[in-house]
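Chains F and V supply the protein sequences, listed in that same order.
With UniProt numbering applied, the first sequence has no gaps in its numbers, which climb one by one up to 423 at the end.
With UniProt numbering applied, the second sequence has no gaps in its numbers, which climb one by one up to 423 at the end.
Note that the Cβ used here is the ideal one computed from N, Cα and C, for glycine as well.
Here the structure is a predicted model, which means the values were calculated and not measured.
2 protein chains.
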Amino acid sequence: MPALSPEALVAQAAEARATYARLAAAGLKLDMTRGKPSPAQLDLAEGMLALPGNRDVVTETGEDARNYGGLQGLPEARRLFGAMLGVPPDLLVVNENSSLAVMHDCIVWALLKGVPGGSSWVGKDVAFLCPVPGYDRHFALCEGFGIRLIPVAMDDEGPVMEEVERLVADPAVRGMWCVPTYSNPTGVTYSDATMRRLAAMKTAAPDFRLFWDNAYGVHHLTENRPAPHDILGLTAEAGNPDRAFIFASTSKITLAGAGLAFFAGSKANVAWYLEQAGRRTIGPDKLNQLRHTRFLRDLDGIHRHMAAHRRLLAPKFDAVLEALDTRLGGLGLARWTRPEGGYFITVEMVQGSAKRVVELARGLGIALTPAGATSPYGKDPTDSVLRLAPTYPTVDEVRAAAEGIALCIHLAALEAAGVGLAA
Amino acid sequence: MPALSPEALVAQAAEARATYARLAAAGLKLDMTRGKPSPAQLDLAEGMLALPGNRDVVTETGEDARNYGGLQGLPEARRLFGAMLGVPPDLLVVNENSSLAVMHDCIVWALLKGVPGGSSWVGKDVAFLCPVPGYDRHFALCEGFGIRLIPVAMDDEGPVMEEVERLVADPAVRGMWCVPTYSNPTGVTYSDATMRRLAAMKTAAPDFRLFWDNAYGVHHLTENRPAPHDILGLTAEAGNPDRAFIFASTSKITLAGAGLAFFAGSKANVAWYLEQAGRRTIGPDKLNQLRHTRFLRDLDGIHRHMAAHRRLLAPKFDAVLEALDTRLGGLGLARWTRPEGGYFITVEMVQGSAKRVVELARGLGIALTPAGATSPYGKDPTDSVLRLAPTYPTVDEVRAAAEGIALCIHLAALEAAGVGLAA
Numbered sequence: 001m002p003a004l005s006p007e008a009l010v011a012q013a014a015e016a017r018a019t020y021a022r023l024a025a026a027g028l029k030l031d032m033t034r035g036k037p038s039p040a041q042l043d044l045a046e047g048m049l050a051l052p053g054n055r056d057v058v059t060e061t062g063e064d065a066r067n068y069g070g071l072q073g074l075p076e077a078r079r080l081f082g083a084m085l086g087v088p089p090d091l092l093v094v095n096e097n098s099s100l101a102v103m104h105d106c107i108v109w110a111l112l113k114g115v116p117g118g119s120s121w122v123g124k125d126v127a128f129l130c131p132v133p134g135y136d137r138h139f140a141l142c143e144g145f146g147i148r149l150i151p152v153a154m155d156d157e158g159p160v161m162e163e164v165e166r167l168v169a170d171p172a173v174r175g176m177w178c179v180p181t182y183s184n185p186t187g188v189t190y191s192d193a194t195m196r197r198l199a200a201m202k203t204a205a206p207d208f209r210l211f212w213d214n215a216y217g218v219h220h221l222t223e224n225r226p227a228p229h230d231i232l233g234l235t236a237e238a239g240n241p242d243r244a245f246i247f248a249s250t251s252k253i254t255l256a257g258a259g260l261a262f263f264a265g266s267k268a269n270v271a272w273y274l275e276q277a278g279r280r281t282i283g284p285d286k287l288n289q290l291r292h293t294r295f296l297r298d299l300d301g302i303h304r305h306m307a308a309h310r311r312l313l314a315p316k317f318d319a320v321l322e323a324l325d326t327r328l329g330g331l332g333l334a335r336w337t338r339p340e341g342g343y344f345i346t347v348e349m350v351q352g353s354a355k356r357v358v359e360l361a362r363g364l365g366i367a368l369t370p371a372g373a374t375s376p377y378g379k380d381p382t383d384s385v386l387r388l389a390p391t392y393p394t395v396d397e398v399r400a401a402a403e404g405i406a407l408c409i410h411l412a413a414l415e416a417a418g419v420g421l422a423a
Numbered sequence: 001m002p003a004l005s006p007e008a009l010v011a012q013a014a015e016a017r018a019t020y021a022r023l024a025a026a027g028l029k030l031d032m033t034r035g036k037p038s039p040a041q042l043d044l045a046e047g048m049l050a051l052p053g054n055r056d057v058v059t060e061t062g063e064d065a066r067n068y069g070g071l072q073g074l075p076e077a078r079r080l081f082g083a084m085l086g087v088p089p090d091l092l093v094v095n096e097n098s099s100l101a102v103m104h105d106c107i108v109w110a111l112l113k114g115v116p117g118g119s120s121w122v123g124k125d126v127a128f129l130c131p132v133p134g135y136d137r138h139f140a141l142c143e144g145f146g147i148r149l150i151p152v153a154m155d156d157e158g159p160v161m162e163e164v165e166r167l168v169a170d171p172a173v174r175g176m177w178c179v180p181t182y183s184n185p186t187g188v189t190y191s192d193a194t195m196r197r198l199a200a201m202k203t204a205a206p207d208f209r210l211f212w213d214n215a216y217g218v219h220h221l222t223e224n225r226p227a228p229h230d231i232l233g234l235t236a237e238a239g240n241p242d243r244a245f246i247f248a249s250t251s252k253i254t255l256a257g258a259g260l261a262f263f264a265g266s267k268a269n270v271a272w273y274l275e276q277a278g279r280r281t282i283g284p285d286k287l288n289q290l291r292h293t294r295f296l297r298d299l300d301g302i303h304r305h306m307a308a309h310r311r312l313l314a315p316k317f318d319a320v321l322e323a324l325d326t327r328l329g330g331l332g333l334a335r336w337t338r339p340e341g342g343y344f345i346t347v348e349m350v351q352g353s354a355k356r357v358v359e360l361a362r363g364l365g366i367a368l369t370p371a372g373a374t375s376p377y378g379k380d381p382t383d384s385v386l387r388l389a390p391t392y393p394t395v396d397e398v399r400a401a402a403e404g405i406a407l408c409i410h411l412a413a414l415e416a417a418g419v420g421l422a423a
């Protein structure tokens, strides 16, 4: 907290307390917890719901999409989403609706069977690097199977590579979670230099894998549209062709509950994935693949569709930033991200105050993701990071919620300085 | 081979050889390998392809089926398919399109986490009982994860219970594959007495599970429509409430590639399943659940739909039986099932001749499932069992194929008697 005169502090606190009391009386009911698309975003895929329509079920290779088979996915779907992800169609697998499920399956198969170049992980000390703040479901997946979570700091270029390079010298470190573009929740996009170092670094475990969750590759919030990165090319170039397991989905492109999820990787990784998947299923839901390819059509179609999302989302992110700027700008009490894509804004506040902010917000009827959720084991030792998810509520609700949250951050900081709510 | 005069044998062989030569010259191209629905069967679900249509996406509890969540499945889907399976809706989970995938997940979770009442199976000697003939993908799933397969004979009431009861006294036996209704591939439906003994038998493994694949519960080939059995009730009554993991799907009701798959079990088993599944996915494709419930509507709707399947399928089964009866009836060279439901006819022929029949059929352009496929490890020590899958080809194709197969069975038996093709 910067030095302020006691009088100024008391005046700030008096205003904040009064505002809090007024908002609490307003009986808000706002939810900023999860990165869900809004109904208006889902409406963008309205035309997909009647596809493929009657009898229009033959794929471009003449297969009947209604029947069994086609484990890797339809060629037209692999071509379309391969282009989106910057991956050749033969190195892409199209699955059911959940990329988390694809990650889960890779982890259980790695545990029970081992990945190419390695053997079963069961009974070994296995650890994953977890850039922090990160995605709670990544962490829970590892934790559920007894995989140790090792936090790694993030900077503006991605995970802090000095830390990463030091930690992968431990042979127990078999994997690392990465959300390379518009990272969840910081919005950071890994720099080229960071990607190159991840691709090239020397790891003690010969079967080390980047769990490369490209969840937000085309989810831009500005008119900038960076080309897809090429982690497969970078790893191959560095002599580590099998290092990356790539994951993605259309959950936040078409429909959150009824999209398509993707696996991609080197030839050896794809062959391994299909071998395991072939015991699990006779084939994916190819009708849903037809729905997607006929609705989105081509890469331009995807970009047009994502631009429509952007027009709905950018005002919500702006509303959050405006509320934070208005109350907290220049006070030095918190800093927050200004993401150019993705689904979240991350706020870093006075240490030891994040839980208190969540509690204060609850008092206003504003639900926030629990403090600590973005850290391994749900524990943020600094208790200073919150993830805001502004996509689902309306712009007016987001603005109201963000003003309330900014107020709570302010109040918690004043409390920490001894002049808060109870003062 | 029954005693025939050498002259009679030679006459039979001459006719069979001549017919074989004629058929071989006809250049057939017929596939009787896999239990796939035909295009005409898939057409029965034509009306489902345009559902849920535009904006009609709200579930009966007011949820937006397009968004994330709803791990257990929509209440309306659980009510409809619970009624179909004879399971209360709260004990049913609706998943993606593949019941094999649900079985796979139960196996990997059993291996890594253990099932209720047990601990992780990893590193232990684990074996599954496999009624034979059975379903090759069941066996391959276990084999892929190093689970030992122990064959058990089948009789007209299901698995031979004396064998089963003896084998489950081994604590390594943790599970047993069961297809209780219209079993794959024999068509046998387990008798009440067999089901009761499976429910009540004493197992050495406290965490023993029946992997109860109710794949064909409503797939009748006659107008008889036996009520769903109640394995949950039987196991509970016998004091083994958690014994059965129930699996099913609509792959052969609506669409083979785009149906719904189900898990059902006791309260403890469902809680366990949801706990594991909750780490794997945020929720299933609920739009596909809406499609199914709005298309099939109610249990009567399912039965009407299955009656339409029956009208397409029964003539194909009849064509196979007629061809077998015509050539082989009364010769004592083979016996075959006359299933009242399901997807297969099983033929048991002269020992040591099944592989030869497959080879002879290939010579006629008729593809058959490899001999041995219905046994664990793909090895039938008697080399005497073949599974015929007559659902996919047209009635005329099925008839032609069945006549060819009957001929090959006849020829192989004559060869075994020293008067075959090469004689």
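Straight-line gap, residue i to residue j (C-alpha atoms, nearest Å)
i         : j         : result
THR186(V) : GLU7(V)   : 36 Å
HIS303(F) : LEU30(F)  : 31 Å
MET176(V) : LEU4(V)   : 43 Å
THR254(F) : ALA200(V) : 49 Å
VAL270(F) : LEU141(F) : 22 Å
ARG311(F) : PRO39(F)  : 14 Å
ASP213(F) : GLY134(F) : 11 Å
ILE409(F) : ALA361(F) : 9 Å
LEU234(F) : VAL168(F) : 18 Å
PHE128(V) : ALA172(V) : 8 Å
LEU411(V) : ALA401(V) : 15 Å
LEU74(V)  : LEU287(V) : 10 Å
LYS252(V) : GLY329(V) : 31 Å
Cβ shell of residue i (< 7 Å), same chain only, five flanking positions each side left out
i         : result
LEU111(F) : SER120, TRP121, VAL122 and PHE145
ALA423(V) : Model confidence at ALA423(V) stands at a pLDDT of 42, short of 50, so the residue's coordinates are unreliable; what they give is reported in the following sentence. Counting only Cβ-Cβ distances below 7 Å, and skipping sequence neighbours, we find ALA13.
VAL102(V) : ASN95, PHE247, ALA261 and PHE263
Best match in the options for proximity to residue i [C-alpha to C-alpha]
i         : options                                       : result
ALA205(V) : ASP170(V), ARG291(V) and THR391(V)            : ASP170(V)
GLN289(V) : ASP383(V), PRO315(V), GLY259(V) and GLY278(V) : GLY259(V)
GLY404(V) : THR346(V), THR250(V), GLU348(V) and LEU324(V) : LEU324(V)
ASP230(V) : HIS219(V), GLU162(V) and ALA193(V)            : ALA193(V)
GLU397(F) : GLY330(F), PHE295(F), GLY365(F) and GLY418(F) : GLY365(F)
GLU340(V) : LEU321(V), LEU333(V) and ARG327(V)            : LEU321(V)
LEU331(F) : GLY257(F), VAL350(F), PRO89(F) and LEU44(F)   : VAL350(F)
ALA261(F) : ASP64(F), GLY86(F), ILE246(F) and SER191(F)   : ILE246(F)
VAL108(V) : LYS286(F), GLY27(F), ARG280(F) and ALA401(F)  : ARG280(F)
ARG399(F) : ARG338(F), GLU415(F) and THR326(F)            : THR326(F)
Cβ-based neighbour list, residue i, same chain, cut-off 8 Å, excluding 5 preceding and 5 following
i              : result
ALA371(F)      : ALA354, LYS355, VAL357, VAL358, ASP380, ASP383, VAL385 and LEU386
residue 424(F) : Past the edges of chain F, shown from 1 to 423, lies residue 424(F), and the structure says nothing about it.
ALA65(V)       : PRO52, VAL57, VAL58, THR59, LEU74, LYS286, LEU287, GLN289 and LEU290
Terminal residues of the alpha helix (DSSP H) in which residue i lies
i         : result
PHE317(F) : 299 to 328
TRP212(V) : Not the alpha helix (DSSP H): TRP212(V) falls in the beta strand (DSSP E), residues 209 to 213.
Close Cβ partners of residue i (< 6 Å) along its chain, the five nearest in sequence each way excluded
i         : result
THR369(V) : THR33 and ARG387
Span of the beta strand (DSSP E) around residue i
i         : result
ALA127(F) : 127 to 132
THR346(V) : 345 to 349
What are the residues of the segment 231 to 264 of chain V that lie near chain F, defined by any Cβ-Cβ distance shorter than 7 Å? LEU255, ALA256, GLY257 and ALA258
Cβ-based contacts, 9 Å cut-off: residues of the segment 98 to 115 of chain V near chain F: SER98, LEU100, ALA101, MET103, HIS104, ASP105, VAL108, TRP109, LEU111, LEU112 and LYS113
Pull out every residue of the segment 56 to 79 of chain F whose Cβ sits closer than 9 Å to any Cβ of chain V, in chain order. ASP56, VAL57, ASP64, ALA65, ARG66, ASN67, TYR68, GLY69 and GLY70
Chain-ordered residues of the segment 295 to 308 of chain V with a beta carbon less than 8 Å from chain F: none
Select from the segment 369 to 381 of chain F all residues with a C-beta closer than 8 Å to any C-beta belonging to chain V, and list them in chain order. none
Within 7 Å of chain V by C-beta, residues of the segment 343 to 361 of chain F in sequence order: none
Mind checking the segment 144 to 168 of chain V against chain F and listing, in chain order, the residues whose C-beta falls within less than 8 Å of any C-beta there? GLY144 and PHE145
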